[in-house]
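Colleague: Following the numbering used here, the numbering of the sequence shown begins with 23 at its first residue and continues without gaps.
Backbone N, C-alpha and C define an ideal beta-carbon position, used for all residues, glycine too.
Before we start, here is the structure in question, set down as structure tokens.
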Amino acid sequence: MSLFKRKGAKGEDATPPGTTPPDESGDLPEVDREAADDTAEATPVREPGVGPFDVTEVDGSQERLDVGALWLPLVDGIELQLQMDEGSGQVTGVFVVLGDSAVQLQAFAAPRHEGIWREVCGEIAAGITEQGGTADPGVGPFGHELLARVPSTQPDGKVGFQPLRFTGVDGPRWLLRAVFHGQAAIDAAAAEALEALVAQVVVVRGSEPMGPRELLPLHLPAGAEESGEGQVEGSGEVEDGPGAADDLNPFERGPEITERR
Numbered sequence: 023m024s025l026f027k028r029k030g031a032k033g034e035d036a037t038p039p040g041t042t043p044p045d046e047s048g049d050l051p052e053v054d055r056e057a058a059d060d061t062a063e064a065t066p067v068r069e070p071g072v073g074p075f076d077v078t079e080v081d082g083s084q085e086r087l088d089v090g091a092l093w094l095p096l097v098d099g100i101e102l103q104l105q106m107d108e109g110s111g112q113v114t115g116v117f118v119v120l121g122d123s124a125v126q127l128q129a130f131a132a133p134r135h136e137g138i139w140r141e142v143c144g145e146i147a148a149g150i151t152e153q154g155g156t157a158d159p160g161v162g163p164f165g166h167e168l169l170a171r172v173p174s175t176q177p178d179g180k181v182g183f184q185p186l187r188f189t190g191v192d193g194p195r196w197l198l199r200a201v202f203h204g205q206a207a208i209d210a211a212a213a214e215a216l217e218a219l220v221a222q223v224v225v226v227r228g229s230e231p232m233g234p235r236e237l238l239p240l241h242l243p244a245g246a247e248e249s250g251e252g253q254v255e256g257s258g259e260v261e262d263g264p265g266a267a268d269d270l271n272p273f274e275r276g277p278e279i280t281e282r283r
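So this is what it looks like as structure tokens:
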């Protein structure tokens, strides 16, 4: 595994060849937190033994990195970037970068009795199309997904489109959203390594009452905060609902804050 990097809510534009940075899209409606149902019987939404996994399905973190609600497999050659809200200082997501591909990972609370990914997909698609982009439904390794082209403005002022592939997995009282960037968004072969990584992610929902779609808490890896090397880049607020698409660019280099593996 390579290095860690903290990223602020907004960063300077820097894109891999042939891509442009995506704009924010897919605002969520108000969430009724009273609607969280923690008493209904759980309905299985994943095949047994198929990842991503719930924390109850594994024996400790093993060879995984603990960043709070997510335990990430340690894979040689990857770079981890921590997405942070500068206003609150909270970690709001993780980018895993491998070559010219990346995947953004976020976990959200969900009702006990049903999955929410199909509903969230509809909201993401509506938000993107309202901004002039496209979002086509498809089926991938994790089930229902969206193949999107999100409009964005290039440095020369021209409008371009950023390809993104939105995937999600409904687990027991959680939703894991994985958004593929770069070549992994358009090339099935390029996506295989990151898809295999996502399939080994463990979600730690916790027992605290949380409203549906509330972002599960993340934190810096052990030892990262004490290193004191890295600065949070940019400013602004992060859209942290599962139906939002942020405008961070995972291919942008930034300060390194922990050791290599």
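Are the beta-carbon atoms belonging to S123 and G204 less than 8 Å from one another?
Modeller: The answer is yes: Cβ separation under 8 Å.
Colleague: Count the other CB atoms within 10 Å of the CB of P234; is the residue buried (16 or more) or exposed (fewer)?
Modeller: P234 is buried by the Cβ-count criterion.
Colleague: First and last residue of the alpha helix (DSSP H) that includes R171?
Modeller: R171 -> not in any alpha helix (DSSP H); beta strand (DSSP E) instead, spanning 165-175.
Colleague: Is the CB-CB distance between L169 and G155 below 8 Å?
Modeller: Cβ distance not < 8 Å, so L169 and G155 don't count as in contact.
Colleague: Between the stretch 218-231 and the stretch 79-93, can you find at least three pairs of beta-carbon atoms closer than 8 Å?
Modeller: Output reads yes: the stretch 218-231 touches the stretch 79-93.
Colleague: Using a Cβ-Cβ cutoff of less than 7 Å, which residues in the same chain neighbour V80 once the five nearest sequence positions on both sides are dropped?
Modeller: Hits under 7 Å: V224.
Colleague: Enumerated in chain order, which unbroken segments of the beta strand (DSSP E) with a length of 3 residues or greater are wholly contained in the stretch 70-118?
Modeller: Complete beta strand (DSSP E) runs here, min 3: 86-88, 92-95, 101-107.
Colleague: Indicate the three-state DSSP secondary structure (helix, strand or coil) for Q126 in the structure shown.
Modeller: Q126 falls in the strand class under three-state DSSP.
Colleague: How many angstroms separate the CA atom of Q213 from the CA atom of R199?
Modeller: One detail in the question is off: residue 213 reads as Ala in this sequence, not Gln. Their backbone Cα atoms lie some 15 Å apart in a straight line.
Colleague: In terms of alpha-carbon separation, which member of E217, V201, A148 lies closest to L186?
Modeller: Closest option to L186, Cα to Cα, is V201.
Colleague: Just to check my reading of the structure: V1 and L92 have Cβ atoms closer than 8 Å, yes? What is that Cβ distance to the nearest angstrom?
Modeller: Since the first and last residues shown for the chain are 23 and 283, residue 1 lies out of range.
Colleague: Quick check on R140: does DSSP put it in helix, strand or coil?
Modeller: Residue state, collapsed to three classes: helix.
Colleague: Straight-line CA distance for D290 to V181?
Modeller: The shown model of the chain, from 23 to 283, leaves out residue 290, and the question about it has no answer.
Colleague: Is it buried or exposed for E230, if we count other Cβ within 10 angstroms and need 16 for buried?
Modeller: Counting Cβ neighbours within 10 Å, E230 comes out exposed, since fewer than 16 surround it.
Colleague: Residues in the same chain with beta-carbon distance under 7 Å from P239, minus the five sequence neighbours each way, listed in chain order, please.
Modeller: Here the set comprises G90, A91.
Colleague: Tell me whether V220 sits in a helix, a strand or coil according to DSSP, three-state version.
Modeller: In this structure, V220 counts as helix in the three-state DSSP scheme.
Colleague: What would DSSP say about G193, mapped onto helix, strand or coil?
Modeller: Correct three-state label for G193: strand.
Colleague: Name the DSSP bridge partner or partners of L120?
Modeller: In DSSP, L120 forms a bridge with S123.
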